[in-house]
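The structure under discussion appears below in the form of structure tokens.
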Amino acid sequence: MLVPLVVGGVKLAFTLHQPFIHWGDVAIMETAIRDTLGGHQLLGPYSHFGWFHPGPAYFYLVAPLYWALHQNAQALFLGAFLINALCAIAVVAVIRARAGESAARWGALVVGALLFFAHALFSLYSPWNPALLALPILLMMVLVAAAANGSTISLLWAAIVGSFVVQTELGTAPTALAVLVVGAGLWGWAAWRRRDEKVATGRTRRRTVLAATGVLLGLVWVPSLIQQTTQSPGNIRQIVTFFEHPPTDQEAGGTHTRMQAFRGVAYYATTVPLKSEETPCCEPNQFNGPGSTYTGRYLGFGVGVLVALGVAVVGWRRRDRFAMALGAVSVVAAGSAVVATTQVVGPV
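Taking my numbering, the leading residue of the sequence shown gets 1369, the next gets one more, and so forth.
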């Protein structure tokens, strides 16, 4: 797992001092990060529908690095790389803590493969918000699985990571919410089963850690709440209004059937390692072509879901709550992604 991280880090180190000017969406995001340095940024990345994504968590994570590198445009690539690297390390660390060294080695192998292909596809460094979230979502799912053993701290951290994901890209909200709801249910079930167990030591320290984590979760949403309550109309209100009165089919570019949604999710879920089209926003990605074009995508996505289902069943039979929960939330994430994609406004 460390090999692609080391290679990526060295590559970035040699390019940090090369002049670079961002363009398009990332240029707008760099402007927002500059506003963040002054503590003025209350909104997430912009949306061409007239509102902004729910919060600026991504900007506040990258802003210190951007400041430390004297507002070097390359800092955005380094920030994206560090977010992915930290999420990858955290995934393996959580697996080791909850499932042991053997499972952690398998986890490191899988995450290492993801990092390798992400490095090859440039998404390991991409500061564009939709391209940044694969590993944070994976970390959220692993933390939710850890919460199935009754770990409150894991559930809180899953909510923090989920908040970062949703604030950075609103389109992830249905999947993040579904995963967190399942996680909360599994956590509640485990907590109820262990309600009579006594905690021998460390109760004060545990409460302190839980309180601090809870405060951090609240702080993540403070900028969004300030913006909503001090400006009219607030961004959250604009988002709600948009979904209450969505554009017509003609304005939105048409509707999406369940089959089109399935194709879309299968396509993007298998972008690593099968790569994507050079122009994913254009006609080849509208899924109007023959189904045979997507056979490999269907197989890859279907095998992934079946493996997740198998992990859930094996975990249930062996009473391994972590494995059971990880498999279950993987299936839930896949299903919710397909359902959510049917409601996408505009091209998939």
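The beta-carbon is built from N, C-alpha and C at its ideal position, and this holds for glycine as well. From a predicted model like this one, the values you see are computed outputs, not experimental measurements.
Which residues does DSSP list as the beta-bridge partners of Y1635? Position 267 of the sequence shown, counted from the start, is the residue given in the question as residue 1635. Partner(s): none; Y1635 has no beta bridge.
Helix, strand or coil for S1660, going by three-state DSSP, please let me know. Position 292 of the sequence shown, counted from the start, is the residue given in the question as residue 1660. Its pLDDT being 47, under 50, S1660 is placed unreliably in this model, and the value from its coordinates should be taken loosely. Here S1660 sits in helix by DSSP.
Among Q1596, A1705 and S1592, which one has its Cα closest to the Cα of Q1628? The residue given as residue 1628 occupies position 260 in the sequence shown. Answer by Cα proximity: A1705.
Local conformation of F1420 per DSSP, three classes: Residue numbering aside, residue 1420 sits at position 52 when the sequence shown is read from its first letter. The answer is strand: DSSP assigns F1420 an E or B state.
On a CA-only basis, which of N1440, A1693, L1482 and F1420 is nearest A1514? Give me that one, please. In the sequence shown, the residue the question calls residue 1514 occupies position 146. Looking at the Cα atoms, A1693 is the closest of the given residues.
Got a sec, what are the start and stop residues for the alpha helix (DSSP H) D1688 sits in? Mapped onto the sequence shown, residue 1688 falls at position 320. Here D1688 belongs to no alpha helix (DSSP H), and DSSP marks it neither H nor E.
G1556 burial status per 10 Å Cβ neighbour count (16 or more: buried): Numbered from its first residue, the sequence shown carries residue 1556 at position 188. G1556 is exposed by the Cβ-count criterion.
With DSSP as the reference, please indicate the residues paired to Y1414 in a beta bridge. In the sequence shown, counting from the first residue as 1, residue 1414 sits at position 46. For Y1414, which the question treats as bridged, DSSP gives the partners F1420.
C-beta contact flag for L1677 and V1699 at 7 Å: For the purposes of this step, residue 1677 is taken as residue 309 along the sequence shown, with counting starting at 1. For the purposes of this step, residue 1699 is taken as residue 331 along the sequence shown, with counting starting at 1. Yes.
Cα-Cα separation between H1613 and R1473, rounded to whole angstroms: The count along the sequence shown starts at 1 and reaches residue 1613 at position 245. The count along the sequence shown starts at 1 and reaches residue 1473 at position 105. Answer to the nearest angstrom: the Cα atoms are 48 Å apart.
From L1404 to P1432, what does the alpha carbon distance come to, in whole angstroms? If you number the sequence shown from 1, residue 1404 lands on position 36. If you number the sequence shown from 1, residue 1432 lands on position 64. For the sequence presented, residue 1404 should be read as Thr rather than Leu. Near 9 Å, if we compare the C-alpha coordinates of P1432 and T1404.
Start and end residues, alpha helix (DSSP H) containing F1610: Mapped onto the sequence shown, residue 1610 falls at position 242. Residues N1603 to E1612.
By DSSP, does R1562 sit in helix, in strand, or in coil? Counted from its first residue, the sequence shown places residue 1562 at position 194. R1562: coil per DSSP, three-state reduction.
Where does Y1493 fall in DSSP's three states? Within the sequence shown, residue 1493 is the residue found at index 125, counting from 1. Reduced to three states, the DSSP call for Y1493 is coil.
To the nearest angstrom, how far is the alpha carbon of V1707 from that of D1393? Here residue 1707 refers to the residue found at position 339 when the sequence shown is read from its first residue. Here residue 1393 refers to the residue found at position 25 when the sequence shown is read from its first residue. Looking at the two C-alpha atoms, the distance is approximately 27 Å.
Just how far apart, CA to CA, sit P1652 and V1479? In the sequence shown, residue 1652 corresponds to position 284, counting from 1. In the sequence shown, residue 1479 corresponds to position 111, counting from 1. Confidence at P1652 is low in this model, with a pLDDT of 43, below 50, so its placement is unreliable and no value can be given for it.
Apply the 10 Å Cβ neighbour rule to Q1595 and answer buried if 16 or more other Cβ atoms are within range, or exposed otherwise. Counting from 1 along the sequence shown, the entry for residue 1595 is found at position 227. That one is buried.
Roughly how many whole angstroms lie between the Cα atoms of Y1428 and I1401? The count along the sequence shown starts at 1 and reaches residue 1428 at position 60. The count along the sequence shown starts at 1 and reaches residue 1401 at position 33. Their Cα atoms are separated by approximately 7 Å.
Thinking C-beta only, is A1526 closer than 7 Å to L1511? Locating residue 1511 in the sequence shown gives position 143, where the first residue counts as 1. Locating residue 1526 in the sequence shown gives position 158, where the first residue counts as 1. For L1511 and A1526, yes; Cβs fall inside 7 Å.
For the segment 1574-1583 and the segment 1517-1535, state whether three or more C-beta atom pairs, one from each stretch, are separated by less than 8 Å. yes
State yes or no: is the C-beta of L1585 within less than 7 Å of the C-beta of G1551? In the sequence shown, counting from the first residue as 1, residue 1585 sits at position 217. In the sequence shown, counting from the first residue as 1, residue 1551 sits at position 183. Contact flag unset, no.
Can I1463 and A1471 be called in contact, C-beta distance under 7 Å? Position 95 of the sequence shown, counting from 1, holds the residue named residue 1463. Position 103 of the sequence shown, counting from 1, holds the residue named residue 1471. In this structure, A1471 lies closer than 7 Å to I1463 by Cβ.
Where G1664 falls, given that 16 or more other Cβ within 10 Å makes a residue buried: Here residue 1664 refers to the residue found at position 296 of the sequence shown. It counts as exposed.
How should H1624 be labelled, buried or exposed, when 16 other C-beta atoms within 10 angstroms of its C-beta is the threshold for buried? For the purposes of this step, residue 1624 is taken as the residue at position 256 of the sequence shown. Label assigned to H1624: buried.
Whether V1533 touches P1495 by CB criterion (7 Å): Position 165 of the sequence shown, counted from the start, is the residue given in the question as residue 1533. Position 127 of the sequence shown, counted from the start, is the residue given in the question as residue 1495. Cβ atoms of V1533 and P1495: not closer than 7 Å.
According to the Cβ coordinates, are L1411 and N1603 closer than 7 Å? For the purposes of this step, residue 1411 is taken as the residue at position 43 of the sequence shown. For the purposes of this step, residue 1603 is taken as the residue at position 235 of the sequence shown. Yes, Cβ-Cβ distance for L1411 and N1603 is below 7 Å.
Answer with buried or exposed for W1419, where buried requires no fewer than 16 other C-beta atoms within 10 angstroms of its C-beta. The residue you call residue 1419 lines up with position 51 of the sequence shown. So W1419 ends up on the buried side.
Here's a check: name, in chain order, each residue in its chain whose Cβ is nearer than 8 Å to the Cβ of W1435, leaving out the five neighbours to either side. For the purposes of this step, residue 1435 is taken as residue 67 along the sequence shown, with counting starting at 1. Within the same chain, W1435 has close Cβ partners L1405.
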